[in-house]
Structures are given as C-alpha cells and as structure tokens.
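In the UniProt record's numbering, the protein residues as written are 1 to 215. In this text, a Cβ means the ideal position worked out from N, Cα and C, and glycines have one as well. These numbers come from a predicted model, not from an experiment. A quick write-up on the structure given underneath.
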Amino acid sequence: MRKPLLPIVPLLRDELPLDTVELARFMIGKYLVRDVPAGRISGRIVETEAYPLGDSTSHAFMGRRPYNLPMFLAPGFAYVRLTYGVSYMLNMSAEAEEIGAGILFRAIEPLEGLPLIEARRPGVPLRDLARGPGRLTNALDIGPSFNGCDLCSGRDLWIGAIERGETPIGVTTRIGLSREMHQPLRFFEPGSAFVSGPRKLLLPTQAVQPKRAKK
DNA sequence: TCTAAGATTGGCT
DNA sequence: GCCAATCTTAGAT
1 MRKPLLPIVP
11 LLRDELPLDT
21 VELARFMIGK
31 YLVRDVPAGR
41 ISGRIVETEA
51 YPLGDSTSHA
61 FMGRRPYNLP
71 MFLAPGFAYV
81 RLTYGVSYML
91 NMSAEAEEIG
101 AGILFRAIEP
111 LEGLPLIEAR
121 RPGVPLRDLA
131 RGPGRLTNAL
141 DIGPSFNGCD
151 LCSGRDLWIG
161 AIERGETPIG
171 VTTRIGLSRE
181 MHQPLRFFEP
191 GSAFVSGPRK
201 LLLPTQAVQP
211 KRAKK
C-alpha cells in the first residue's frame, strides 16, 4: 500500500512576494515537488539565496541575454543553469516581469520519493541527497529542459506549501562568491541538518572580511 | 561535525 | 581566465 502524499498545495503566483529578498525568505519552509512517472519526489526548502536587481553577481546583471531570459519573467519561473560544467542549479524568477532578478534554491530536506532519489545516488546518506544546489537538482532529476518552466503550474516541477504560518529564518552572507560577499542574502531554516552551508546566524554586528587572495 | 585543499568541468556572469 | 559546485581526502574539534 502506497503512502498517502503530503498535503502540499501549489503556490499561486499572486501569493509570491514581488521583492527578491522577501521571496527568498518566503520560500524557506515551503516545498519543492517533482512529479515523475514512478511517483512524487518532494522536499522542504531549507536554504535559499537572493540575487536581486543590481547585484553584480546575478546572471541578469549584464542585461537580458538569450541564456538568462527566465530571470526577466514574472515571479515563479524556473531558471536552470549549468555551473562549473558539472552541476545544474535551480533558480526562480523574482520581481515584476521585465526585471531581471531571482532566487537560488540551495537545499531541501527530502521527504517523498526517497527510493527514487536513492536509486540514482546509491550509498549517499539521506542528509547529503539534496544538501547543495547541484545535489538538489540531481535529487529532483532537474535538467536544462526545465529552464523557463512555470513553478506555479502545480505539475511536473512546482512549489507548494503546507503550513501557512511564519517559520523562524536564519540569515547569512551568500556562498561561493568573490564579490558582494558582505550582503546578508542567504536564508535557511535554523537547526536543519539539511542546510548546505554555515548554520550559525549572522549577527548584525558581525563584519565579514574578504578572504585573502590566493597566491 | 566541521573546515580546507586540490582536481574536475564547460560556458561566458 | 573566471565561476552561484561536487567529490575525495585529511585534519581539527
């Protein structure tokens, strides 16, 4: 007998905050769902990053290009990119149409479809299956074909919610950047073991020093 | 459990 | 050459 599915309700575009940073915060504690022929893969979103308008590290910073078109769509469209030639990353458009901004999904806590994930990642501990943006896309079997798809569609690949209340949210600087490293634009669920980076809260008084340049 | 270093990879931030 | 990463290995805590 199959386990009943979690009561995840698709998020409507109207429910998404327009503001990039607010959207990144908002998505913590929501759910990413992937429908595959064999069933459903889903997980709780525990880590995101914001790439707002004017951010020099954003793929939209240089203006509209063929490869970054989804970032200029209305909120809730997927932007899938290959990075370092090895990993795909799942982003979602933010801000009104014509404005290039988005958020990056960095980690989820896998909840449904674990056998489907494990079949593709034999021997990998549960905690590591979707801890990191590249692992997340691997766990949900997301590739470049999802670039530009509507995450508010409620099918194939979509975002949803169960509880509607506010959850506590941790904030730090973003991961892996060599510019704009001081910005508090990474959000995560405090206490979750499924978060990929530091899980200590950034205190307002903490200054962030640039890393020493490599020799 | 964490941090760090080195190798790897492909498109153009 | 620069990167929004992963994997393995090694060491500290």
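- Sequence-distant partners of Arg-179 (beyond 5 residues in either direction) whose C-beta falls short of 7 Å from its own C-beta, in its chain, are Ser-56, Thr-57.
- As for any beta strand (DSSP E) of minimum length 3 sitting wholly inside the stretch 4 to 52, the runs are 31 to 36, 39 to 51, ordered along the chain.
- A check of alpha carbon separations from Asn-91 across Ala-50, Lys-30, Arg-164, Asp-141 identifies Ala-50 as the nearest.
- When the beta-carbon positions are compared, Thr-167 and Pro-184 stay at least 9 Å from each other.
- Straight through space, the alpha carbons of Leu-104 and Tyr-84 are spaced by roughly 16 Å.
- For Gly-134, the enclosing alpha helix (DSSP H) stretches over residues 133 to 139.
- Put simply, of Pro-66, Leu-5, Leu-111, Gly-102 the residue whose alpha carbon is nearest the alpha carbon of Asp-19 is Gly-102.
- As computed with DSSP, Val-80 is found in a beta bridge with Leu-90.
- By the criterion of a C-beta distance shorter than 7 Å, Ser-192 is surrounded in its chain by Val-46, Glu-109, once the five residues flanking it on both sides are discounted.
- Under DSSP, Ile-159 forms a beta bridge with Leu-32.
- The stretch 64 to 82 makes no contact with the stretch 121 to 133, as fewer than three CB pairs between them are under 8 Å.
- Ile-142 and Tyr-88 do touch by the CB rule: their CB atoms are close to 6 Å apart, below 8 Å.
- With a cutoff of 9 Å on beta-carbon distance, Ala-139 and Ile-169 are scored as not near each other.
- Beta bridge pairing from DSSP links Phe-105 with Thr-48.
- Within the same chain, Cβ atoms closer than 7 Å to the Cβ of Leu-11 are found at Lys-30, Cys-152, Ile-159, Gly-160, Ala-161, the five residues on either side in sequence being excluded.
- His-59 counts as buried, since at least 16 other C-beta atoms from the protein chains shown sit within 10 angstroms of its C-beta.
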